[in-house]
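Colleague: Structure incoming, see below.
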Amino acid sequence: MSDGAVYVFGLDGVPPELVDRGIDAGRLPNFERMRAEGTDGTTRSTVPPLSMIAWSSFATGRNPGNHGIYNFMLKEEGEYGTDFVNADTLREQSVPVWEYLDAEGHRSGVMNVMPGYPPSRTSGFHISDNITTPSSGSYAFPDELQQDIEQRVGEYDVDPYEGYDDGTDEQNLKGLLDNFFEIEKNRIEVAKLLVEEYPCDFYSLVFSGPDNVLHVLGHVLDETHPKHDPQVAARFDDKPLELLELYDDFLGWVMDQMDDDDTMMVLSDHGHGPVYQTINLNSWLYNAGYLELESRPWTRLKQFGYNHVYDAVETVMSELNLFSKLKMGVARTSGGSSGPDLAELLTISRKDIDWSKTAAFTVASGGQIYLNTDDHAEGAIPDHKYDEVRERLREKLLAIEHPERGDRVIDSVLYGEDVYGDEYADTRPDLVCMPAPGYQIQYPQTMKTKRVFADPPKTGSHTSMNEMHGIFYAWGGPVESETGVTVDLTDFSPTACSLLDVPVPEEMDGDVRDDVVDVDVERERYDGKVETKRAVREVVDELET
Amino acid sequence: MTTVQLPANLRDRYEPLADRLDGFDSPDELAEYVLEATAEEIERGDTASAADSADDEVVEERLEQLGYLEK
């Protein structure tokens with residue numbers, strides 16, 4: 029039993045083998061100490077292993093069906109459109125652990141856990157995340173924290189991806205990496221400030237640096253990657269370990285601050301591996317006869333132009349090093365209130381799909397497929413045909429082979445109910461495709477119907493089936509001495525509750541890992557207290573304004 | 005110590021609320037929780053800026069930079 033503080037540090041995207049390599053080389057002494065004195069193992073990610081879904085499961089202790097965050101963008105029930113996820117989406121559909129802790133009188137400190145904007149206003153502090161935070165405006169609660177960070181540490185960059193270009197050019201890659209390292213050094217200083225001067229019972233601080241760095245180094249780290257260049261590799265292949273050394277120093281600093289009954293857990297939400305080719309699922313579905321485009325002349329004309337003329341423009345512009353700028357220019361005019369929507373005008377987008385003749389479609393990257401069942405506005409599949417259509421589609425997906433490489437592209441195709449639970453049939457995907465190693469399932473919002481396969485949009489790597497596991501380390505008074513454990517992302521929140529002697533909410537799917545920490549387990553249902561706290565906060569807000 | 009007694013009309017409203025909300029065994033417990041939480045909120049004195057509206061274009065651009073979305 030412990031009611032000391034709980035420190036959880038997330039290192040987004042770190043693969044276990046990278047830490048192993050650093051420990052073996054004697055470069056990560058504090059990871060080594062955690063392994064020797066505490067528990068180590070791996071963290072099992074969500075399906076698919078995308079950070080938005082993964083951190084939502086971490087924060088709520090629930091599987092994606094139960095917290096409702098299936099991807100970076102969500103399909104509306106019975107509709108074809110999507111909305112981007114933010115922290116309000118998560119709060120509407122679920123409850124992050126810091127709200128339960130708040131309801132039981134505990135202070136939490138949160139930094140950069142997706143989806144983090146708008147920041148939570150529970151007792152303690154909350155800094156929003158890199159993806160959902162607007163470029164301007166307040167990223168921290170309370171306001172005073174933001175001022176404190178900026179006065180004492182400097183600018184907190186909420187948009188580290190600004191200027192994040194392809195990275196193939198050696199100089200460009202150096203610039204990108206230098207920028208990411210600067211941001212992470214700054215974040216570590218912010219984290220020290222938070223731990224030292226903003227006392228909380230529960231800290232959940234996430235660093236995105238590893239994911240950012242690994243995304244652009246897939247071709248550098250993998251000697252068999254088609255874009256691997258030994259000279260570039262010699263210059264940059266140590267960067268991931270250099271970054272881990274920064275976090276290792278920080279973890280050592282935290283260990284020095286900790287009391288005997290405190291607990292520290294370190295995890296990554298998924299691993300990383302190289303990507304050689306991408307598959308555009310909607311293009312594949314079109315070519316396989318599952319997705320149909322409107323027959324109107326403009327769509328047909330665009331289809332010709334986008335498939336043929338656009339490529340010629342792309343080749344010429346790329347040679348002049350202007351294509352990415354043009355593409356961003358087109359993207360920026362998309363969906364804005366002023367001026368024409370160039371992306372829609374020139375390319376094949378979702379608005380060109382003939383839904384009445386479409387059986388299956390995807391709305392985001394990651395391999396999740398929805399069937400156009402008759403509960404959709406223009407649904408084409410009646411109930412009695414569902415199993416037959418889905419099974420046939422599943423078989424075809426499993427049989428996809430790359431036309432030049434000749435290997436299987438999809439490793440497995442899972443049923444939505446098996447991954448997300450039976451009870452979420454109205455919102456969950458019907459099938460989830462997991463890519464074979466080296467492939468990424470991509471979702472271009474615009475699609476060339478003749479191009480099913482392509483090079484990765486970045487030269488770096490992305491998550492895949494083989495990267496379902498991240499790191500797990502635990503250290504501190506209540507931590508057992510174990511090795512080789514597998515912890516699910518949903519286990520962190522219930523385990524943190526037990527460590528703080530707070531009842532584990534019945535709504536959490538994860539387990540209290542009493543094999544990792546010495547705790548007693550008590551479960552209760554108290555969502556009503558969270559609801560009451562939210563209502564009180566709104567009333568007090570109104571009183572104060 | 006003075007015990008605050010809920011007026012009858014308020015008790016009538018808090019009773020079904022305490023039944024509906026998980027975590028409370030009685031209307032008195034709910035009322036006490038509300039009063040305590042209200043005092044805490046006011047005492048904290050933390051200020052929070054109004055959240056800016058979601059900026060889909062920025063999110064889209066970041067996801068594109070990370071390779072999760074493609075135009």
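Protein sequences appear in the order of chains A and B. In my numbering, each residue carries its 1-based index in the first sequence increased by 28. In my numbering, each residue carries its 1-based index in the second sequence increased by 4. We put the beta carbon where it would ideally sit given N, CA and C, even for glycine. What you are looking at is a predicted structure, and each value in this text was computed from that prediction instead of being measured.
1. Taking just the CA atoms, how far does A/Thr477 sit from A/Ile307?
2. What would DSSP say about A/His154, mapped onto helix, strand or coil?
3. Please check the pair A/Pro577 and A/Gly394, which I expect to be a contact at CB under 8 Å, by giving their CB distance rounded to whole angstroms.
4. For A/Phe100, does the three-state DSSP call read helix, strand or coil?
5. Can you determine whether any heavy atom of the ligand PLP sits closer than 6 Å to the C-beta of A/Gln174, and answer yes or no?
6. Determine, using beta carbons only, whether A/Tyr554 comes closer than 7 Å to chain B.
7. Report the CB separation of A/Thr518 from A/Gly96 in whole angstroms; it is logged as a contact under 8 Å.
8. Alpha carbon to alpha carbon, how far is A/Ser366 from A/Tyr452?
9. Quick check on the DSSP output: the beta strand (DSSP E) that includes A/Glu510 runs from which residue to which?
10. In chain order, what residues of the stretch 170–181 of chain A put their CB closer than 8 Å to some CB of chain B?
11. Give the residues from the stretch 98–124 of chain A that approach chain B closer than 7 Å (Cβ to any Cβ), ordered along the chain.
12. Using a beta-carbon distance cut-off of less than 9 Å, what residues from the stretch 555–573 of chain A approach chain B?
13. Note the first and the last residue of the continuous beta strand (DSSP E) segment covering A/Val460.
14. Assuming A/His298 and A/Ser79 are in contact, meaning their beta carbons sit under 8 Å apart, how far apart are those beta carbons, in whole angstroms?
15. Decide if A/Trp326 is buried, meaning its Cβ has at least 16 other Cβ atoms within 10 Å, or exposed.
16. What are the boundary residues of the beta strand (DSSP E) that includes A/Asn308?
17. DSSP state of A/Asp537, grouped into three classes?
18. Is A/Gly363 buried or exposed, if buried means 16 or more other CB atoms sit within 10 Å of its CB?
19. Since A/Thr67 contacts A/Ser377 with CB under 8 Å, what's their CB separation in whole angstroms?
20. Return the first residue and the last residue of the alpha helix (DSSP H) that A/Arg180 is part of.
21. Hey, how far is the Cα of B/Asp1 from the Cα of A/Pro143?
22. Return the chain-ordered ranges of every alpha helix (DSSP H) run that is complete within the stretch 386–449 of chain A and spans a minimum of 4 residues.
23. Taking the alpha-carbon positions, what's the A/Gly538 to A/Met293 distance?
24. What is the DSSP secondary structure of A/Val113, counted as helix, strand or coil?
25. Relative to the C-alpha of A/Glu65, which residue among A/Gly504, A/Gly556 and A/Val540 is closest?
26. Can you list the residues of chain B that A/His243 reaches, using a CB-CB cut of under 7 Å?
27. Who pairs with A/Tyr334 in a beta bridge, going by DSSP?
28. Can you tell which of A/Met101, A/Leu201 and A/Pro227 has the C-alpha that lies nearest to the C-alpha of A/Ser151?
29. Measuring CB to CB, does A/Met536 end up less than 7 Å from A/Ser521?
30. I think A/Phe59 touches A/Asp276, with their Cβ atoms under 8 Å apart; what is that distance to the nearest whole Å?
31. Would you list, in chain order, the members of the stretch 393–411 of chain A that have their beta-carbon closer than 9 Å to a beta-carbon of chain B?
32. Is it right to say A/Phe500 is buried, meaning 16 or more other beta carbons lie within 10 angstroms of its own, or is it exposed?
33. Taking three-plus beta-carbon pairs below 8 Å as touching, is the stretch 392–411 of chain A in contact with the stretch 97–105 of chain A?
34. Tell me whether A/Met493 is buried or exposed, calling it buried when 16 or more other Cβ atoms sit within 10 Å of its Cβ.
35. Tell me, please, whether the CB atom of A/Ile376 is closer than 7 Å to any CB atom in chain B?
36. Go ahead and label B/Val8 buried or exposed: buried means 16 or more other beta carbons lie within 10 angstroms of its beta carbon, across all protein chains shown.
Modeller: Reading off the structure:
1. Per the coordinates, the alpha-carbon of A/Ile307 lies some 12 Å from the alpha-carbon of A/Thr477.
2. Reduced to three states, the DSSP call for A/His154 is strand.
3. Examination of residue 577 of chain A is not possible in this model, given that chain A is present from 29 through 573 alone.
4. Three-state result, A/Phe100: coil.
5. Because no ligand of any kind appears in the structure shown, any question about the ligand PLP cannot be addressed here.
6. Cβ-Cβ to chain B under 7 Å: yes for A/Tyr554.
7. That belief does not hold up - the Cβ atoms of A/Thr518 and A/Gly96 are roughly 14 Å apart, past 8 Å.
8. Bear in mind that the predicted position of A/Ser366 carries a pLDDT of just 47, short of 50, making it too unreliable to give a figure here.
9. Run containing A/Glu510: Glu510 to Asp516, per the beta strand (DSSP E) assignment.
10. If the cut-off is 8 Å between Cβ atoms, the stretch 170–181 of chain A has Pro170, Asp171 and Glu172 near chain B.
11. From the stretch 98–124 of chain A, only Phe100, Phe112 and Asn114 have a Cβ closer than 7 Å to chain B.
12. Using a CB distance below 9 Å, the part of the stretch 555–573 of chain A facing chain B consists of Asp555, Gly556, Lys557, Val558, Glu559, Thr560, Lys561, Ala563, Val564, Arg565, Val567, Val568, Asp569, Leu571 and Glu572, ordered along the chain.
13. Looking at the DSSP string, the run of the beta strand (DSSP E) that includes A/Val460 is Leu459 to Pro463.
14. For a cut-off of 8 Å, the C-beta gap from A/His298 to A/Ser79 is around 7 Å, short enough to register as a contact.
15. So A/Trp326 counts as exposed.
16. For A/Asn308, the enclosing beta strand (DSSP E) begins and ends at Val303 to Asn308.
17. If DSSP states are grouped into helix, strand and coil, A/Asp537 belongs with coil.
18. Reliability of the predicted coordinates at A/Gly363 is poor, the pLDDT of 42 falling under 50, and no value is obtained from them.
19. So it is not a contact: roughly 48 Å between Cβ atoms.
20. Looking at the DSSP string, the run of the alpha helix (DSSP H) that includes A/Arg180 is Asp171 to Arg180.
21. Since the displayed chain B opens at 5 and closes at 75, residue 1 of chain B lies outside it and no answer follows.
22. The qualifying runs are 414–426 and 444–448.
23. Distance between the alpha carbons of A/Gly538 and A/Met293: 16 Å.
24. Annotated three-state conformation of A/Val113 is coil, per DSSP.
25. Nearest C-alpha to A/Glu65: A/Gly504.
26. Close to A/His243, with beta-carbon spacing below 7 Å, are these residues of chain B in chain order: Leu70 and Gly71.
27. According to DSSP, which records beta bridges pairwise, A/Tyr334 is partnered with nothing at all.
28. A/Ser151 has its Cα closest to that of A/Pro227, out of A/Met101, A/Leu201 and A/Pro227.
29. In contact: A/Met536 and A/Ser521 (Cβ atoms closer than 7 Å).
30. Yes, they are in contact, since the Cβ atoms of A/Phe59 and A/Asp276 sit about 6 Å apart, within 8 Å.
31. Going along the stretch 393–411 of chain A in chain order, one finds Ser393 and Gly394 with a Cβ nearer than 9 Å to chain B.
32. The Cβ neighbour count for A/Phe500, taken over all protein chains shown within 10 Å, is at least 16; the residue is labelled buried.
33. A contact is defined here as three or more CB-CB pairs under 8 Å, and the stretch 392–411 of chain A meets this definition with respect to the stretch 97–105 of chain A.
34. Confidence in A/Met493 is poor, its pLDDT being 45 and thus under 50, which makes the residue's placement unreliable; the coordinate value appears in the next sentence. So A/Met493 ends up on the buried side.
35. Cβ-Cβ to chain B under 7 Å: no for A/Ile376.
36. Label assigned to B/Val8: exposed.
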